[in-house]
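Each remark here refers to the structure printed beneath this line.
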Amino acid sequence: MQSQNTIADLKKTNGQVIRCKAAIAWEPKKPLDVTEIEVQPPKAGEVRLKIFSNALCHTDIYTLDGHDPEGLFPCILGHEATGIVESIGEGVTSVEVGDIVIPCYTPECKERSCVFCSSEKTNLCPKIRATQGKGVMPDGTSRFSKDGKTIYHFMGCSSFSEYTVVAEISCAKINPTADVNKVCVLGCGIATGWGAATNNCKVEPNTSVVVFGLGAVGLAVVQAAKENGARYIVGVDIQRSKFELAKKLGCDECVNPLELKDQSVKDYLLSKEKWGYHYTFDCTGNVKVMRDALELAHRGYGESCVVGVAAAGQEIATRPFQLVTGRNWKGTAFGGWKSRTEVPQLVNKVLRGETTLDPYITHVIKGIDKVNESIDALHSGDCIRAVVVINERETVKAPQLSVYANMRSYGGYVKRLKHWSNTTQCEMSFSIYLPEPAKRGAPLPPVLYFLGGLTCTDENALIKSGFAQFAAKYGIAVVFPDTSPRGVDIEGQDDTFSFGSGAGFYVDATTDKWKKHYNMYSYVTKELPELVHSVFPVDGTKIGITGHSMGGHGALSLFFKNPGMYKSVSAFAPIANPTQTPWGQVAFNGYLGGVEAGKAYDATELVKSYEGPKVPILIDQGTGDKWYNDELKGETFAEACDQAKYPLEFRFQTGYDHGYFFVTTFLEDHFKWHAKQLGL
Ligand SMILES: NC(=O)c1ccc[n+]([C@@H]2O[C@H](COP(=O)([O-])OP(=O)(O)OC[C@H]3O[C@@H](n4cnc5c(N)ncnc54)[C@H](O)[C@@H]3O)[C@@H](O)[C@H]2O)c1
Ligand SMILES: [Zn+2]
Ligand SMILES: [Zn+2]
1 MQSQNTIADL
11 KKTNGQVIRC
21 KAAIAWEPKK
31 PLDVTEIEVQ
41 PPKAGEVRLK
51 IFSNALCHTD
61 IYTLDGHDPE
71 GLFPCILGHE
81 ATGIVESIGE
91 GVTSVEVGDI
101 VIPCYTPECK
111 ERSCVFCSSE
121 KTNLCPKIRA
131 TQGKGVMPDG
141 TSRFSKDGKT
151 IYHFMGCSSF
161 SEYTVVAEIS
171 CAKINPTADV
181 NKVCVLGCGI
191 ATGWGAATNN
201 CKVEPNTSVV
211 VFGLGAVGLA
221 VVQAAKENGA
231 RYIVGVDIQR
241 SKFELAKKLG
251 CDECVNPLEL
261 KDQSVKDYLL
271 SKEKWGYHYT
281 FDCTGNVKVM
291 RDALELAHRG
301 YGESCVVGVA
311 AAGQEIATRP
321 FQLVTGRNWK
331 GTAFGGWKSR
341 TEVPQLVNKV
351 LRGETTLDPY
361 ITHVIKGIDK
371 VNESIDALHS
381 GDCIRAVVVI
391 NERETVKAPQ
401 LSVYANMRSY
411 GGYVKRLKHW
421 SNTTQCEMSF
431 SIYLPEPAKR
441 GAPLPPVLYF
451 LGGLTCTDEN
461 ALIKSGFAQF
471 AAKYGIAVVF
481 PDTSPRGVDI
491 EGQDDTFSFG
501 SGAGFYVDAT
511 TDKWKKHYNM
521 YSYVTKELPE
531 LVHSVFPVDG
541 TKIGITGHSM
551 GGHGALSLFF
561 KNPGMYKSVS
571 AFAPIANPTQ
581 TPWGQVAFNG
591 YLGGVEAGKA
601 YDATELVKSY
611 EGPKVPILID
621 QGTGDKWYND
631 ELKGETFAEA
641 CDQAKYPLEF
651 RFQTGYDHGY
661 FFVTTFLEDH
671 FKWHAKQLGL
């Protein structure tokens with residue numbers, strides 16, 4: 001086993017033929033032969049991968065058992081894998097050496113001229129289909145050989161090998177912090193099940209579902225149907241051993257047709273739902289089951305999806321009356337996912353803690369030498385997925401996020417999360433709003449950071465500002481960070497509302513007492529955006545910042561301290577000159593050991609020497625705000641902007657106080673402002 005995966009190590013073999021181990025299927029129905037092969041360097045438009053792990057899918061076995069009429073031998077099986085890019089061929093631009101990828105048997109060329117890639121309705125890119133089906137690369141030749149004898153590729157992946165060569169358009173580049181020994185299952189089975197219930201059939205809330213076959217694919221259908229809000233889910237399998245997990249993932253009931261006495265499974269299921277089920281899925285590959293599934297679909301509008309792959313020469317049948325009376329028969333390949341675009345998003349969904357792959361991985365087998373054990377495992381009945389670890393990868397620190405609330409709002413989602421922060425050395429909370437994409441494949445939304453004021457958590461602006469209607473309208477994602485570390489034990493942290501808990505002032509503390517935890521500046525400008533931009537579907541190159549009161553101070557000071565980072569900026573009643581006001585002075589004395597050091601975080605001071613892009617600033621300030629004269633001092637900042645010829649629109653709003661009734665009144669103006677600056 002090798003554990004070196006640095007770029008320099010990977011590059012050592014670039015351009016050379018690699019001799020490595022692979023599992024060859026010489027002929028049907030024989031165990032795989034783990035032996036040394038030669039792997040040629042990638043040609044134009046190709047990528048050579050060093051494989052980390054591969055999970056065995058039923059389709060591999062089906063080919064190995066000789067049921068695939070197009071199955072070519074000798075070949076290297078495997079198509080549920082993760083790997084790292086070892087080298088790239090001429091003209092490859094979408095991945096580079098060191099990228100972590102999932103090779104996908106359904107490619108995505110993304111070309112405008114591809115009628116399939118440019119349609120929202122399908123994922124079936126035909127670009128390399130002809131050669132992939134013939135077991136060769138797009139130029140008609142193979143990159144594998146054994147002692148001069150050509151070995152065929154399989155499904156465009158052939159990942160039961162230490163190294164493989166795939167087309168660039170088959171490489172889904174994923175988040176490098178993902179656990180490669182788990183997310184490999186998104187290369188086929190689990191992604192297929194999730195997509196069958198989400199893309200091909202759009203399982204809706206309050207519907208009934210039947211899933212035939214509770215292997216990895218069927219279980220993934222169950223899990224996704226449950227997540228999509230199905231009311232009643234029945235699982236059917238001839239192995240009772242599958243039922244426990246099926247119930248855990250969402251089945252309300254499981255049935256074994258072999259245990260029903262005088263009744264067919266179809267009659268039994270119809271006795272429960274008179275007119276049939278809204279969605280039915282075949283995940284067995286048995287054509288008789290496919291017929292039952294279709295005939296169990298709801299009269300009038302039920303949909304039945306063929307997921308299983310039937311043996312060679314098999315045909316499906318039903319009476320046309322079944323379709324005339326409104327049942328829809330459909331099928332799926334790879335769950336309808338557009339591979340390069342959407343597989344990375346599925347990986348991120350797992351990283352965000354919104355779903356889990358853990359239940360599927362029942363066996364982990366170390367070393368390609370033991371590859372036949374995975375076949376035995378899959379045949380044994382107690383295996384869902386057996387992952388074979390082919391090359392070990394050093395442990396990579398993943399962001400341990402957990403989503404503890406997920407709510408729809410104005411068509412998008414509000415998600416509330418917790419995660420361990422290295423910067424503040426404690427668990428931090430934040431919330432995010434993701435607007436609904438205009439359509440599949442639409443550009444990702446920019447992100448607005450909304451910083452809270454004194455005493456706030458990530459929740460105040462989230463629930464009081466009424467932001468979601470505007471975020472949805474203008475297509476902007478919004479992140480609400482907390483305002484200080486929480487759950488730490490520092491003497492005096494809770495003595496006053498304007499210092500300590502709920503009052504981190506967006507600085508990196510330097511005094512002994514506070515410096516371990518109170519690093520909200522680095523947290524909000526580095527750790528949090530890195531995390532958010534890597535695991536959420538947002539455009540991390542387009543970010544804006546706003547805030548209220550202490551958060552307004554945060555927005556202005558973070559903007560000036562990071563020229564070019566924020567493309568838009570605004571504030572509500574900001575603490576605009578904190579070195580000259582009591583709250584600011586207490587904070588800077590406490591966190592930084594003196595007011596002088598606070599100048600590095602004071603917007604009025606910072607604007608004087610700022611040399612970055614002059615992004616115009618919008619500030620609203622109520623004239624009825626009781627804190628204005630002593631603590632906020634917007635006019636002092638406005639004067640400094642005048643002197644520095646910095647573009648500022650400072651608006652006094654007559655009679656408004658410091659609270660959220662003031663913020664909500666002018667919030668849409670701020671969203672409009674940010675939308676314009678962010679190029680929407
Ligand atoms: N369409 C696609 O893109 C796609 C992708 C991946 C897998 N597949 C296919 O999906 C199917 C399922 O894959 P898997 O990896 O979950 O396989 P699996 O072997 O792990 O699971 C199949 C399950 O079906 C059950 N079963 C078999 N016959 C049955 C019957 N008559 N009635 C009820 N249950 C029965 C088995 O007991 C088993 O639990 C396979 O045919 C596979 O080739 C299709
Ligand atoms: Zn598969
Ligand atoms: Zn295409």
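For what it's worth, my numbering labels the leading residue of the sequence shown as 1, then goes sequentially. Note that the Cβ used here is the ideal one computed from N, Cα and C, for glycine as well.
Tell me where the beta strand (DSSP E) around residue i begins and ends.
| i | result |
| --- | --- |
| D33 | D33 to V39 |
| T192 | That residue, T192, is in no beta strand (DSSP E); its alpha helix (DSSP H) goes G189 to G195. |
| N328 | N328 to G331 |
| S208 | S208 to F212 |
Only counting the same chain, and skipping five residues up and downstream in sequence, which positions put a Cβ closer than 8 Å to that of residue i?
| i | result |
| --- | --- |
| K12 | none |
| I61 | I375, L378 and H379 |
| T623 | F652, Q653, T654, G655 and Y656 |
| V538 | L434, L444, P445, P446, V447, A477 and V532 |
Under a three-way DSSP split, which group does residue i fall into?
| i | result |
| --- | --- |
| I169 | helix |
| V524 | helix |
| T13 | coil |
| A573 | coil |
| V236 | strand |
| K513 | coil |
| E46 | strand |
| Q2 | Its pLDDT being 40, under 50, Q2 is placed unreliably in this model, and the value from its coordinates should be taken loosely. If DSSP states are grouped into helix, strand and coil, Q2 belongs with coil. |
| G544 | strand |
| F499 | strand |
| Q345 | helix |
| A317 | coil |
| E27 | coil |
| K149 | strand |
| P359 | helix |
Ordered along the chain, which non-local residues of its own chain (more than five positions away) have a Cβ less than 6 Å from that of residue i?
| i | result |
| --- | --- |
| T6 | none |
| W583 | S498 and E631 |
| M1 | Residue placement at M1 is poorly supported in this model, since its pLDDT is 37, which falls under 50; the coordinates still yield a value, given next. Around M1: E392. |
| V306 | D282, M290 and G331 |
| P205 | G229 |
| C254 | G235, F243 and A246 |
| D620 | F572, R651, Q653 and F666 |
| A405 | R416 |
Determine the extent of the alpha helix (DSSP H) in which residue i is found, giving its start and end residues.
| i | result |
| --- | --- |
| H58 | H58 to L64 |
| F666 | Y660 to Q677 |
| D369 | Here D369 belongs to no alpha helix (DSSP H), and DSSP marks it neither H nor E. |
| Q132 | R129 to G133 |
| D620 | Looking at the DSSP string, D620 is not in any alpha helix (DSSP H); the run it does join, the beta strand (DSSP E), is I617 to G622. |
| P582 | P582 to L592 |
So which of the options has the shortest CA-CA distance to residue i?
| i | options | result |
| --- | --- | --- |
| D630 | F281, G655 and P574 | P574 |
| D179 | I84, P446 and F650 | I84 |
| E227 | Y610, C254, G193 and K21 | G193 |
| I490 | K516, D482, P481 and K473 | K516 |
| V153 | R231, K173, H58 and A130 | Note on identity: in this sequence residue 153 is His, with Val being the wrong assignment. Comparing Cα positions, the closest option is A130. |
| K242 | N256, G229, Y232 and R231 | N256 |
| A172 | R19, R340, K274 and L72 | R340 |
| G189 | W337, G381 and T546 | W337 |
| A317 | W329, V309, G308 and T325 | W329 |
| L556 | P31, L648, W627 and F588 | L648 |
| Y277 | G313, G308, A312 and A225 | A225 |
| I233 | F450, E273, Q263 and P42 | E273 |
| S53 | V115, K121, V364 and G15 | V364 |
| F662 | Y566, G466, G593 and K645 | G466 |
Comparing the CB of residue i with every heavy atom of ligand 4, is any distance shorter than 7 Å?
| i | result |
| --- | --- |
| E108 | Only ligand 1, ligand 2 and ligand 3 can be found as ligands here, which leaves ligand 4 out of the picture. |
Going by beta carbon distance, what residues of the same chain come within less than 7 Å of residue i, once the five residues before and after it are set aside?
| i | result |
| --- | --- |
| S3 | Per-residue confidence for S3 stands at a pLDDT of 47, beneath the threshold of 50, marking its modelled position as unreliable; the derived number appears in the next sentence. So the list reads E392 and E394, once near-sequence residues are dropped. |
| G187 | H79, E80, A81, I102, P103 and C104 |
| N562 | T525 |
Would you say residue i lies against chain D (beta-carbon separation less than 8 Å)?
| i | result |
| --- | --- |
| V488 | Here there is only one protein chain, and chain D is not present. |
#### Entry: Unbroken stretches of the alpha helix (DSSP H), 4 residues or longer, contained in the stretch 382-442
none
#### Entry: Contained beta strand (DSSP E) runs [length at least 3] in the stretch 246-309, N- to C-terminal order
253-255, 279-282 and 303-306
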